[in-house]
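So the structure is just underneath, and the comments pick up after that.
2 protein chains.
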Amino acid sequence: MSASPATDELRERLGLIADVQAAAALLAWDQETYMPPGAIEARAAQLTTLARIAHEELVAERVGELLEAAASEAEGEPYESDAASLVRVAQRDRDRATRLPADLVARLARAASLGQQAWQKARQESNFAAFRPHLETLVELTLEKAETLGYEADVYDPLLDEFEPGMTTAQLRPLFAMLRERLVPIVQSLTEPGAGGGAGENGGSAGATSTSIGGAGAAAGPNAVAAAGPLRQRFDDRGQWEFGLEVMRDFGFDFARGRQDRSAHPFSTAFATTDVRLTTRIHEDFLPAGLFGSMHECGHGLYEQGVAPELERTPLAGGASLGVHESQSRLWEILVGRSRPFWRHYYPRLQARFPEQLGAVDREDFYRAINTVAPTLIRVEADEVTYNLHIMLRFELEIGLLEGGISVPELPAAWNAGMESYLGIVSGNDAEGVLQDIHWSMGAIGYFPTYTLGNVMSAQIFAGARRAIPDLDDRTAAGDFADLHAWLRDKVYRHGRKLTSPELLERLGCGPLSAEPWLEHIRAKYGELYGVELP
Amino acid sequence: MSASPATDELRERLGLIADVQAAAALLAWDQETYMPPGAIEARAAQLTTLARIAHEELVAERVGELLEAAASEAEGEPYESDAASLVRVAQRDRDRATRLPADLVARLARAASLGQQAWQKARQESNFAAFRPHLETLVELTLEKAETLGYEADVYDPLLDEFEPGMTTAQLRPLFAMLRERLVPIVQSLTEPGAGGGAGENGGSAGATSTSIGGAGAAAGPNAVAAAGPLRQRFDDRGQWEFGLEVMRDFGFDFARGRQDRSAHPFSTAFATTDVRLTTRIHEDFLPAGLFGSMHECGHGLYEQGVAPELERTPLAGGASLGVHESQSRLWEILVGRSRPFWRHYYPRLQARFPEQLGAVDREDFYRAINTVAPTLIRVEADEVTYNLHIMLRFELEIGLLEGGISVPELPAAWNAGMESYLGIVSGNDAEGVLQDIHWSMGAIGYFPTYTLGNVMSAQIFAGARRAIPDLDDRTAAGDFADLHAWLRDKVYRHGRKLTSPELLERLGCGPLSAEPWLEHIRAKYGELYGVELP
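These protein sequence lines map, in sequence, to chains E and R. Residue 535, in my numbering, is where the first sequence stops; the numbers in between run on with no holes. Residue 1070, in my numbering, is where the second sequence stops; the numbers in between run on with no holes.
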């Protein structure tokens, strides 16, 4: 007989939930990749049913009893042990699930479903008024949700907690304040007339769509900024696809336990550590979309593949938070993939695939082109420097909506004022402004900050990797990522959801959450690239 | 308030089960199409969980109560009404599910899982002895299952009933006896030296794998019979794929509610009437595999797409039985797709796609090549004339195994004796003999006869269509299938699972199950083609 019968039974029940969630994730993946268009209603019903089953299984009384008994069995086990972590994380998930009454969940789901439909139409027509009543309902329900979940300091806390467990609004406020203070002048320095730098080319943040808002995100395709450049030529689909696979393989993505497909909006998802799905989209007339999109999603995928196999079919499989997940996509996409050492190795390879397009473009010009800073209206097309200003704006607007400082009808004006103030540009219409993102229409308020957390943490974690691997740049320049991958697997990936992001950073020796390493990266990289002393 | 609250609640509960089954079907589809190889264990767990949930939901006490109450509510409704049919078919499904104890289901699932693994290896090594103990267990458990389910006349009845509701062994015996008596001499006439006909070419029955044993089946690829011929040239993948899509579109397959992908073994499946998935495989050196495989699966797909939309998310969605399903795949693949009128329209189109390969081959030679009769060792490569002899052999062996006339160790010898007697050929090894099919290793005993039922019914139903559409051949020769498709939709497809196959045949005015129309088709087609008077 087992020494921990409650833990065993608990694992069995949680395994069933994990299986149902995996099936739901496959339904969602298929919806974005292969599902015929006529199936949309049937698919919605299937997804609703599976979500309902997973919810009911989790809140079942027996699971509550088992959690208590398993907690006793795990007493004395280390905090990070499988047994103690399982109880802790499952308890957290269950608490959240039980606190939300089924009725509220259903009203939210319905409002989100209607909201998304209305948003799609409103965005097409660039008509905020058509979306407004839906957003009002969603904000109202989100407030009800926050109150139901409860909080001590900020109404935003329980919402943030859904995506970034352990993080609080009180930690975000100074972070964003500091970013605003430091970043706005940096952007001004880089984009004022006379600043050196890139070919007026938008490098694009192709893969900004994250694991959880899969295939959602805003308009595909590059914003029509700027003139021609080395990135805006015709790069045939197949060559791009194969180059992407080559890089992903070198990064360490295991194609026996994952694959890449196509979708309108890139995303990644996992049905098991042995079944990780990435998607990308390729624009034949704009190289960065597919190139960096693949690297970005690959970062998410390496994380999911790196979770310890013994956490399979438990709530401990998966990423610590959306922020940590995003830190990995950004680490591989940007800190590795947009670095000089990386292109020392890969540029000749890319040239060999596209001799006509790039044979006469030298490496440094290419490097500048993919790292051009230019304010854009659209978040998912932003460069790494301006990207966080887009997020900051959304964070402030969300806080305003929830705390009452901004009403929904005031939102478009507040949006434009923020864009003007942070980026110096204003959208001519709502489609490119307040309507550009899908998140609010899904009721996903509290989600946006995880993008900035991801950027910030990516630099903290990468700094840790640098300390551990002193010749990291040389290895990158040799196309050798084995040590970096191994270090990340050991320090981050294998823990799955055992640790929250603050716990993870602490254990990594990266100190508490801080934007300093990221700002340092920006200052160093772009000061040098643009030949200016950045503030 | 609803006039039929129990029916409403029943529909809701059955809808949930349908959703879970749809998710399971997607997991299975994905496993054969896109799943990375490393995911096999995780996928097995997911499939097991979903099957368990669907089973538990169906046998839930509340569903039993609702069925009783809904039966009262449906009293006086016509037999074919949605309400009466829902109760009748759901009751049938539930009776079956409740009669099988969970323990037996689990033992069968385990034996099937181990059996399939062992079979794969045994087939590779052509080593029946390695598979024998598994088959012994499976036969034993199948007997236990049959006894548990209960029967009046034949132990085979409750097994057959799983795949072909309403059909009995007593109906099959005379059918097969008659086929044996009439077909064996026909095959002899067609294949004896001096008979006219084809180019010694094996037309291949590429799509013989049916809806339910998806992607299973025996060895892919054509048997290496015969010499070169028009079908054994290099036909590039893309041209084949596109020609297949053209034909499927003309047949009436709606690509907004379905799609075609690739898999090692062709199959079809449906997650909704609006989401029907077909797969095919293409051999660049053998045209019929992809060509007729696509048409075959398309027939299955037309059936699923044609089910009345109001049956969605109920147990009435889907085909009446495996036999009726197969009748539709064979009707489109063979009675339409291998007919002279069909190729009057499509041969010039095929030639245009493959001018080098077929430009100099005249239509009649092509028609003969795709309709060549030649005994083969492998069922899935058999032509339409000899195909049913393969099934007959399996039916007789299954009966022998269950009734005790044949023991598992005697099976290979019995197999070879049957092949010799019916087809005049004997396999040199077990891989091409008794080990060729996956069915038994999955515990699917009682399944094989549905292939022959499909062939037989296809001719009965097609004869009905001919009576209703007098100029059917002319329309086929014009590539116009609208009336045939509409007639089948009205007479067969829209009813879903409301009617059993005997009920369906009766309502179609086709009389009871009879092999006469099929034999008449064979005699007329091949007598003419081979220039012989067939017995």
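Note that beta-carbon positions come from the ideal geometry of N, C-alpha and C, so glycine has one too.
- Excluding the 5 residues flanking it on each side, Leu-870 (chain R) has same chain C-beta neighbours closer than 8 angstroms at Ser-993, Ala-994, Phe-997 and His-1056, in chain order.
- Counting the other Cβ atoms within 10 Å of the Cβ of Pro-890 (chain R) gives fewer than 16, which makes it exposed.
- For Asp-19 (chain E), at least one C-beta of chain R is nearer than 8 angstroms to its own C-beta.
- Around the beta carbon of Tyr-346 (chain E), 16 or more other beta carbons lie within 10 angstroms, which makes this residue buried.
- In the DSSP secondary-structure assignment, Phe-821 (chain R) is bridged to R:His-818.
- Residue-level contact check: Thr-985 (chain R) does not touch chain E, since none of the beta carbons of chain E fall below 8 angstroms from its beta carbon.
- Around the beta carbon of Ala-524 (chain E), fewer than 16 other beta carbons sit within 10 angstroms, so the residue counts as exposed.
- Residues of the stretch 19-46 of chain E with a C-beta atom less than 9 angstroms from some C-beta of chain R are Asp-19, Val-20, Ala-22, Ala-23, Ala-24, Leu-26, Leu-27, Trp-29, Asp-30, Thr-33, Tyr-34, Met-35, Pro-36, Pro-37, Gly-38, Ala-39, Ile-40, Glu-41, Ala-42, Arg-43, Ala-45 and Gln-46, listed in chain order.
- Around the CB of Gln-775 (chain R), 16 or more other CB atoms lie within 10 Å, so the residue is classed as buried.
- Of the candidates E:Phe-255, E:Arg-11 and E:Pro-470, E:Phe-255 places its Cα closest to the Cα of Val-276 (chain E).
- Cβ contact annotation for Val-361 (chain E) (same chain, cutoff 6 angstroms, sequence separation greater than five): Pro-230, in chain order.
- As the crow flies, the alpha-carbon of Thr-704 (chain R) is around 33 angstroms from that of Glu-1068 (chain R).
- With respect to chain E, the C-beta atom of Gly-793 (chain R) has a partner C-beta closer than 8 angstroms.
- The shortest C-alpha to C-alpha distance from Pro-572 (chain R) to any of E:Glu-364, E:Gly-323, E:Arg-259 and E:Leu-311 is the one to E:Arg-259.
- Val-373 (chain E) carries a coil assignment under DSSP once its states are collapsed to helix, strand and coil.
- Between Thr-7 (chain E) and Ala-83 (chain E), the CB-CB gap stays under 8 angstroms.
- CA-to-CA, the gap between Leu-358 (chain E) and Glu-333 (chain E) works out to about 21 angstroms.
- Cβ-Cβ distances below 8 angstroms link Trp-1053 (chain R) to Asn-990, Val-991, Ser-993, Ala-994 and Gln-995 in the same chain, with the five nearest sequence neighbours on each side left out; the list follows chain order.
- Of all residues in the stretch 52-85 of chain E, those with a C-beta nearer than 7 angstroms to a C-beta of chain R are Ile-53, reading in chain order.
- Here Tyr-422 (chain E) is buried, its C-beta having at least 16 other C-beta atoms within 10 Å.
- About 6 angstroms separates the beta carbons of Leu-639 (chain R) and Lys-680 (chain R), which is inside the 8 angstroms limit, making them a contact pair.
- Across the set E:Ser-427, E:Glu-506, E:Ser-441 and E:Ile-17, the C-alpha of E:Ser-441 shows the shortest separation from the C-alpha of Glu-136 (chain E).
- The Cβ-Cβ distance between Ala-289 (chain E) and His-296 (chain E) does not fall below 8 angstroms.
- Around the C-beta of Thr-148 (chain E), fewer than 16 other C-beta atoms lie within 10 Å, and the residue is accordingly described as exposed.
- Counting C-beta pairs with one atom in each stretch, the stretch 106-122 of chain E and the stretch 404-415 of chain E have fewer than three that are closer than 8 angstroms, which means they do not touch.
- Scanning E:Leu-172, E:Ala-118, E:Ile-378 and E:Thr-386 for the CA closest to the CA of Thr-372 (chain E) turns up E:Thr-386.
- Taking every protein chain shown into account, the CB of Glu-73 (chain E) has 16 or more other CB atoms within 10 angstroms, so this residue is buried.
- With respect to chain E, the C-beta atom of Leu-585 (chain R) has a partner C-beta closer than 8 angstroms.
- When R:Gln-886, R:Arg-708, R:Leu-988 and R:Leu-676 are compared, the shortest CA-CA separation from Glu-861 (chain R) is found for R:Leu-988.
- Inclusion of Met-248 (chain E) and Pro-502 (chain E) in the CB contact set at 8 angstroms is not warranted, their separation being larger than that value.
- A direct Cα-Cα distance of roughly 43 angstroms separates Ala-586 (chain R) from Ala-130 (chain E).
- Neighbours of Glu-312 (chain E) in chain R, taken as residues whose beta carbon is under 8 angstroms from its own, are Ala-577 in chain order.
- Here the C-alpha atom of His-134 (chain E) lies approximately 16 angstroms from the C-alpha atom of Gln-124 (chain E).
- For Arg-914 (chain R), the CB contacts under 6 angstroms within the same chain, skipping 5 residues up- and downstream, are His-925 in chain order.
- Under the 10 Å beta carbon count, Pro-158 (chain E) is surrounded by 16 or more other beta carbons and is classified as buried.
- As computed with DSSP, Gly-793 (chain R) is found in a beta bridge with R:Val-811.
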